[in-house]
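Engineer:
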Amino acid sequence: MDRKSVKVVVAGGFGTGKTTLVGSVSEIPPLTTEEVLTQASVGVDDTTGVEGKTSTTVALDFGRITITSDVVLYLFGTPGQDRFWFIWDELAQGAVGAIVLVDTRRLGTSFPAIDYFERRGIPFVAAVNRFFGECLYSEEEIRTALKLDPNVPLLWCDARDRSSSKKALIELVRHAMARLPVST
Amino acid sequence: MTYDIWDGDDDGEAGRLVPLYILVNGRTTPRNTNLDLATQVIALPADTSRLEQEYREIMNRCSGWISIAEIGAYLHRPLTITKVMVDVLLEQGFLGIGAPAQRKIADRRLLETVLAGLERL
Chain D
261 MDRKSVKVVV
271 AGGFGTGKTT
281 LVGSVSEIPP
291 LTTEEVLTQA
301 SVGVDDTTGV
311 EGKTSTTVAL
321 DFGRITITSD
331 VVLYLFGTPG
341 QDRFWFIWDE
351 LAQGAVGAIV
361 LVDTRRLGTS
371 FPAIDYFERR
381 GIPFVAAVNR
391 FFGECLYSEE
401 EIRTALKLDP
411 NVPLLWCDAR
421 DRSSSKKALI
431 ELVRHAMARL
441 PVST
Chain R
1171 MTYDIWDGDD
1181 DGEAGRLVPL
1191 YILVNGRTTP
1201 RNTNLDLATQ
1211 VIALPADTSR
1221 LEQEYREIMN
1231 RCSGWISIAE
1241 IGAYLHRPLT
1251 ITKVMVDVLL
1261 EQGFLGIGAP
1271 AQRKIADRRL
1281 LETVLAGLER
1291 L
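For the protein sequence lines, the chains are D and R, in the order given.
Numbering of the first sequence is given in our numbering, commencing with residue 261 and proceeding in unit increments.
Numbering of the second sequence is given in our numbering, commencing with residue 1171 and proceeding in unit increments.
1. Would you say D:Phe322 lies against chain R (beta-carbon separation less than 8 angstroms)?
2. Quick one: Cα of R:Ala1239 to Cα of R:Leu1207, how far?
3. Is it the case that the Cβ atoms of D:Glu350 and D:Val318 are separated by a distance below 8 angstroms?
4. How about R:Leu1259: is its C-beta nearer than 8 angstroms to some C-beta of chain D?
5. Exposed or buried, what is R:Ala1286 when buried is set at 16 or more other beta-carbons lying within 10 Å of its beta-carbon?
6. Of all the residues that make up the segment 1208-1230 of chain R, which are near chain D by a beta-carbon distance shorter than 8 angstroms?
7. Could you work out which residues of chain D lie near R:Arg1201, taking near to mean beta carbons separated by less than 8 angstroms?
8. CA-CA distance, D:Ala352 and D:Val385?
9. Give a yes or no on whether the C-beta atoms belonging to D:Arg211 and R:Ala1269 are separated by under 8 angstroms.
10. So is D:Val296 buried or exposed if we call it buried at 16+ other beta carbons inside 10 Å?
11. Does DSSP classify R:Ala1286 as helix, strand or coil?
12. Can you name the start and end residues of the beta strand (DSSP E) that D:Val331 belongs to?
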């Protein structure tokens, strides 16, 4: 059947505004789905301090945008805890790409996400969330601090603002298209 | 495997006592490995009266196209269980499936459609 799903991943460290961004452009209030992590992941995930637990629940927030009668875009926020990489793998598989939210007060929280998408060759844009107040750094300074590849778009956004989040999405799709091989 | 769906009667006064993994015959992964959390499904015309309540709840959510992630969210079921249950319903012809999310998006026309849709928002 010709019903297509398109995925976009919204990543960034804890508290960078992922769910806020999802909520600002989604046509439904963000939903939460849960993945249960069981014993099988012990040794893979860091379970220090929670040795007695046999399962952990990881919550995923997501939203949707109906593009046409056949195409729906799903926006998935990555889990708050960086260590659940197998969930990132599931989210990223087949995704158009990712928006990595950046909080300039805590640039380091965005490193794991940038590293993740870079290594896998998944298109992404870095979006500095202005929600946290005036940014004291120039684009160049942020690029340098994040060690961003010159080809990766860096933009400013306010995750609470629908049109701003929309712009970030558009930028990502354009970037993903630019990286496609020339069509035959 | 004769029964893919639990067919016993255990709805006592205390409610269901069967754990969810029994409902999926102890399966831990769907057979259809293309099932993605964003894959959309839809109910096909079928008699659902013999389905277990948990499966019927899924069917009731699928009168229009809906993703596996949404089904899990609305029914408060873990994603993996939802995926396996949807897979069972697909196998038995209760649900139809949309295009799986592609492994590598290299579909320029699809991206153009998405871009145009976003610009219209």
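Just so you know, even glycine gets a beta-carbon here, dropped at the ideal spot from N, CA and C.
Structural biologist: To lay it out plainly:
1. Closer than 8 angstroms to some Cβ of chain R, the Cβ of D:Phe322 qualifies, so yes.
2. Note on geometry: alpha-carbon atoms of R:Ala1239 and R:Leu1207 lie some 5 angstroms from one another.
3. No. Outside cutoff.
4. No, its Cβ sits nowhere closer than 8 angstroms to a Cβ of chain D.
5. Under this definition R:Ala1286 is an exposed residue.
6. Per Cβ criterion, the list reads Ala1208, Thr1209, Gln1210 and Ile1212.
7. Neighbourhood of R:Arg1201 in chain D, by CB distance below 8 angstroms: empty, with the nearest CB roughly 17 angstroms away.
8. Between D:Ala352 and D:Val385, the C-alpha separation is close to 14 angstroms.
9. This structure cannot speak to residue 211 of chain D, because chain D is shown only from 261 to 444.
10. D:Val296 counts as exposed, since fewer than 16 other beta carbons sit within 10 angstroms of its beta carbon.
11. In the structure shown, R:Ala1286 sits in a helix (DSSP, three-state: H, G or I).
12. Where D:Val331 is concerned, the enclosing beta strand (DSSP E) stretches over Val331 to Gly337.
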